[in-house]
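S.K.: Please read through the structure below; I'll follow up with questions.
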Amino acid sequence: MAQSDNQQSATDAAKTWSQRFEGALHPAIAQFNASIGFDITLIEYDLTGSQAHAKMLGKVGIISAAEADQLVIGLEQIREEYRAGNFNPGIDAEDVHFAVERRLTELVGDTGKKLHTARSRNDQVGTDTRLYLRHEIDEIRQHILNFQRVLLNLAKTHLKTPIPGYTHLQRAQPVSLAHHLLAYVEMLQRDGNRLVEIQRRVNTSPLGAGALAGTTFPIDRHYSAELLGFENIYANSLDAVSDRDFAVEFLCAASLILVHLSRLSEEIILWASEEFRFVTLTDACATGSSIMPQKKNPDVPELVRGKTGRVFGDLQGMLVLIKGLPLAYNKDFQEDKEGLFDGVNTVKACLEAMTILMDEGLTFQTQRLASAVAEDFSNATDVADYLAAKGVPFREAYNLVGKVVKTSLAAGKLLKDLTLEEWQALHPAFDKDIYAAIAPLTVISARNSFGGTGFDQVAQAIATAEARWKASAVNN
Ligand code: ARG
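The structure is reproduced here in structure tokens:
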């Protein structure tokens, strides 16, 4: 039978309820109440969850084995209809759970009405949402891996490319560009690990908690949980139907991913500016201005930076949604979905866009980067280290270098341009090896402490990150 849902009037919603109801829902209220417009996102998980529930009912003998089979097959048919684009319930169905149950009854007759035995939409929707999020976390982890792959490739290319390192957005010490990029690989690693930890808690079954108090039927919650691949089951039925901690935790993790992407975005926006010119944007990811023909705008990182606020909003919305709710289920929970879906979709879209941006959307201007680090005082610490290595106490050396910088600035010179006489006038310990000691690449490679920017360290860090990436890529 073809879907007639869209044609049915909203007043049919009254038929969903028990005989307690006589009148129909006001059409505007039916619209207001309905979640089908967005919870259709959960349909595949609703079908899978219902199939597990039906099998469990059959296993323990609450329904017959034949009935359980009928339900499972009917639910599978709905899945096929949905995938073929032929299942499009309207708002008269209220939500995805009613839509599925109604269609199932159309397909398999009265047996369809047995599906909801020993279950409530409260434990059902909680099951669906967790199955959905568990799957989406896998997807997001894959996006993180893809992004790390691109950053690692760039790091390998740019091991020996210098870039100014900043503190307070003031030139501080030059670093390897690979080292800078690997900082993001590390952040993303924590993001991925956090998702793995959260997924463990997401993967807990509320199914069988009923509306709030459990059920009078001899159900087997462990069995349905096992069929659905849940690692645990909720120990308390009230907690099971009213816990949304997992959604908060996920949105927290999503917010942190966006924080990281947004920081990189901000850097790229700066780097692409005329003031920095560290990168140029390729045509793949930049747009022009409708009025200023000279412009090439970094829309991708700007949008990522902007969307970050949206995801923070999703997190905030979820926290506020939950905070005042008495146990157990409250209809407010219907409002958990759009923010959660938005967080999931935004994080995926941003990871994908940033991956493309870093992969083919920009080119590092290596010449410009090399001259940038050669034309500043970011090697001043190394002059102090040079003296300290020759036995001058560091604080004394530090103070002296302050004087060196002041003298150079007054003479309109960089440190590398001071003559040996000028150096030796400042301190007799200076010798002609000072020039090699303050060359940018020497300065970088000398910071060879563990986790530092020294090229040997960075090469090692790339190898470690690469091995870790391969192990994670196999596990995901
Ligand atoms: N559409 C509802 C939601 O998303 C399903 C659960 C409804 N439960 C209830 N007791 N009214 O939360």
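Numbering (the numbering used here), first residue to last: -14 to 461.
Even glycine gets a Cβ: it sits at the ideal position worked out from N, Cα and C.
Just so it is clear, the structure is predicted and the values come from calculations on it, not from any experiment.
Could you check whether Val233 and Ile125 sit closer than 9 Å to each other, using their CB atoms as the reference points?
M.R.: Reading the sequence shown from its first residue, position 140 is the one you call residue 125. Reading the sequence shown from its first residue, position 248 is the one you call residue 233. Cβ distance not < 9 Å, so Ile125 and Val233 don't count as in contact.
S.K.: Following the continuous beta strand (DSSP E) through Thr266, name the residue where it begins and the one where it ends.
M.R.: As a working mapping, residue 266 is identified with position 281 in the sequence shown. With the sequence shown as reference, residue 266 is identified as Leu, and Thr is not the correct amino acid for it. It spans 264 to 266 - the beta strand (DSSP E) in which Leu266 sits, taken as one unbroken run.
S.K.: When you measure from the CB of Val110 to every non-hydrogen atom of the ligand ARG, does any distance come out below 8 Å?
M.R.: Residue numbering aside, residue 110 sits at position 125 when the sequence shown is read from its first letter. Yes, the Cβ of Val110 comes within 8 Å of a heavy atom of the ligand ARG.
S.K.: For Asp108, does the count of other Cβ atoms within 10 angstroms reach 16, so buried, or fall short, so exposed?
M.R.: For this step, residue 108 is matched to residue 123 along the sequence shown. Counting C-beta atoms within 10 angstroms of its own C-beta, Asp108 has 16 or more neighbours from the protein chains shown and is therefore classed as buried.
S.K.: Using DSSP's beta-bridge definition, name the partner residues of Gly150.
M.R.: Stepping through the sequence shown from its first residue, residue 150 is reached at position 165. Per the DSSP secondary-structure output, Gly150 pairs in a beta bridge with Gln158.
S.K.: Is it the case that the Cβ atoms of Phe132 and Leu173 are separated by a distance below 9 Å?
M.R.: Position 147 of the sequence shown, counting from 1, holds the residue named residue 132. Position 188 of the sequence shown, counting from 1, holds the residue named residue 173. Result yes, Cβ atoms of Phe132 and Leu173 sit closer than 9 Å.
S.K.: Between Ile48 and Thr102, how many whole angstroms is the CB-CB distance? I'm expecting something under 8 Å.
M.R.: Walking along the sequence shown from the start, residue 48 turns up at place 63. Walking along the sequence shown from the start, residue 102 turns up at place 117. Indeed they touch by this definition, with Cβ atoms about 7 Å apart.
S.K.: Among Glu252, Lys375, Ser363, Glu29, which has the Cα closest to the Cα of Leu426?
M.R.: If you number the sequence shown from 1, residue 426 lands on position 441. The option with the nearest alpha carbon to Leu426 is Ser363.
S.K.: Quick one: what's Ala190 bridged to in DSSP?
M.R.: As a working mapping, residue 190 is identified with position 205 in the sequence shown. First, the amino acid is wrong: residue 190 is Ser here, not Ala. Answer is Ile218.
S.K.: So the alpha helix (DSSP H) Leu136 belongs to, where does it begin and stop?
M.R.: In the sequence shown, counting from the first residue as 1, residue 136 sits at position 151. 106 to 142 is the extent of the alpha helix (DSSP H) around Leu136.
S.K.: Return the chain-ordered list of same chain residues with a C-beta closer than 7 Å to the C-beta of Ser222, the five sequence neighbours on each side being excluded.
M.R.: Indexing the sequence shown from 1 puts residue 222 at position 237. Once the five neighbours on either side are set aside, the close Cβ partners of Ser222 are Ala194, Gly195, Leu197, Ala198, Gly199.
S.K.: Count the CB pairs spanning the stretch 68 to 84 and the stretch 42 to 56 that are closer than 8 Å, and state whether there are at least three.
M.R.: no
S.K.: When you compare each of Ala313, Gly346, Ala271, Glu121 to Lys333 by their alpha carbons, which one comes out closest?
M.R.: In the sequence shown, the residue the question calls residue 333 occupies position 348. Measuring from the Cα of Lys333, the nearest candidate turns out to be Glu121.
S.K.: Could you compute how far the alpha carbon of His412 sits from the alpha carbon of Ser393?
M.R.: By 1-based counting over the sequence shown, the position of residue 412 is 427. By 1-based counting over the sequence shown, the position of residue 393 is 408. Distance between the alpha carbons of His412 and Ser393 is about 14 Å.
S.K.: Hey, quick one: how far does the beta strand (DSSP E) through Phe349 stretch, first residue to last?
M.R.: Walking along the sequence shown from the start, residue 349 turns up at place 364. Per DSSP, Phe349 belongs to the beta strand (DSSP E) from 347 to 349.
S.K.: Run through DSSP, which three-state label would Asn18 get?
M.R.: Against the sequence shown, residue 18 aligns to sequence position 33. Helix, per DSSP.
S.K.: Between Thr340, Ala39, Asn315, Val187, which lies nearest to Tyr219 when the distance is taken from Cα to Cα?
M.R.: One-based indexing of the sequence shown puts residue 219 at position 234. Among Thr340, Ala39, Asn315, Val187, the Cα nearest to that of Tyr219 is on Val187.
S.K.: Any idea if Leu243 is buried or exposed, counting beta-carbon neighbours within 10 angstroms, 16 or more meaning buried?
M.R.: One-based indexing of the sequence shown puts residue 243 at position 258. Buried: at least 16 other Cβ atoms inside 10 Å.
S.K.: Is Glu323 near the ligand ARG, judged by its Cβ being under 8 Å from some heavy atom?
M.R.: For the purposes of this step, residue 323 is taken as the residue at position 338 of the sequence shown. Outside the cutoff, so no.
S.K.: I'd like the span of the alpha helix (DSSP H) that includes Ala269, first residue to last.
M.R.: In the sequence shown, counting from the first residue as 1, residue 269 sits at position 284. Careful: Ala269 lies outside any alpha helix (DSSP H) and carries neither H nor E.
S.K.: Phe505: beta carbon under 8 Å from a heavy atom of the ligand ARG?
M.R.: No statement about residue 505 is possible, as the shown extent of the chain runs from -14 to 461 and does not include it.
S.K.: Return yes when at least one heavy atom of the ligand ARG lies under 8 Å from the C-beta of His101, else no.
M.R.: Taking the sequence shown and counting its residues from 1, the one referred to as residue 101 is at position 116. False, no ligand heavy atom lies under 8 Å from that Cβ.
S.K.: Between Val390, Ala414, Ala338, which has its C-alpha nearest Val377's C-alpha?
M.R.: Taking the first residue of the sequence shown as position 1, residue 377 is located at position 392. Checked all of Val390, Ala414, Ala338; the closest Cα to Val377 is Ala414.
S.K.: Report yes if the C-beta distance between Ser144 and Ala163 is below 9 Å; otherwise report no.
M.R.: The residue you call residue 144 lines up with position 159 of the sequence shown. The residue you call residue 163 lines up with position 178 of the sequence shown. Contrary to the premise, residue 144 reads as Leu rather than Ser in this sequence. Yes, the Cβ-Cβ distance between Leu144 and Ala163 is below 9 Å.
S.K.: Considering Cα atoms alone, identify which of Ser356, Glu320, Gly298, Gly294 is closest to Arg262.
M.R.: By 1-based counting over the sequence shown, the position of residue 262 is 277. If we check each option's Cα against that of Arg262, Ser356 comes out closest.
S.K.: DSSP on Ala(-5), reduced to helix/strand/coil?
M.R.: The residue given as residue -5 occupies position 10 in the sequence shown. Note that Ala(-5) has pLDDT 40, beneath the 50 cutoff, so the model's placement of it is unreliable and the number below is only indicative. Note: Ala(-5) maps to helix in three-state DSSP.
S.K.: Report the CB separation of Leu266 from Gly214 in whole angstroms; it is logged as a contact under 8 Å.
M.R.: Within the sequence shown, residue 266 is the residue found at index 281, counting from 1. Within the sequence shown, residue 214 is the residue found at index 229, counting from 1. The pair is not a contact, with the Cβ atoms about 43 Å apart (cut-off 8 Å).
S.K.: Less than 9 Å between the C-beta atoms of Thr331 and Lys292, yes or no?
M.R.: Here residue 331 is taken as the residue at index 346 of the sequence shown, counted from 1. Here residue 292 is taken as the residue at index 307 of the sequence shown, counted from 1. In contact: Thr331 and Lys292 (Cβ atoms closer than 9 Å).
S.K.: Would you mind listing the alpha helix (DSSP H) stretches within the stretch 332 to 392 that are 4+ residues and don't spill past its ends, in chain order?
M.R.: 351 to 359, 365 to 374
S.K.: Closer than 8 Å: is that where the CB of Asp327 sits relative to any heavy atom of the ligand ARG?
M.R.: On the sequence shown, position 342 is the one that residue 327 refers to. No.
S.K.: Since Gly294 is in the alpha helix (DSSP H), which residue starts that stretch and which ends it?
M.R.: Taking the first residue of the sequence shown as 1, we reach residue 294 at position 309. Looking at the DSSP string, the run of the alpha helix (DSSP H) that includes Gly294 is 284 to 308.
S.K.: Could you have a look at Asp205 and say whether DSSP puts it in helix, strand or coil?
M.R.: For the purposes of this step, residue 205 is identified with residue 220 of the sequence shown, where counting begins at 1. In the structure shown, Asp205 sits in coil (DSSP, three-state: anything other than H, G, I, E or B).
S.K.: How do the stretch 427 to 439 and the stretch 148 to 160 stand: do at least 3 beta-carbon pairs fall below 8 Å, yes or no?
M.R.: Contact annotation: the stretch 427 to 439 touches the stretch 148 to 160, with at least three C-beta pairs closer than 8 Å.
S.K.: Starting from the Cα of Ala421, find the closest Cα among Asp402, Met343, Asn460 and give me that residue.
M.R.: Walking along the sequence shown from the start, residue 421 turns up at place 436. The option with the nearest alpha carbon to Ala421 is Asp402.
S.K.: Compute the Euclidean distance between the alpha carbons of Lys281 and Thr272, then round it to the nearest angstrom.
M.R.: Along the sequence shown, one-based indexing puts residue 281 at 296. Along the sequence shown, one-based indexing puts residue 272 at 287. Between Lys281 and Thr272, the C-alpha separation is close to 6 Å.
S.K.: Using CA atoms only, rank isn't needed, just tell me which of Arg156, Gly150, Ser227, Tyr169 is closest to Asn138.
M.R.: As a working mapping, residue 138 is identified with position 153 in the sequence shown. Measuring from the Cα of Asn138, the nearest candidate turns out to be Tyr169.
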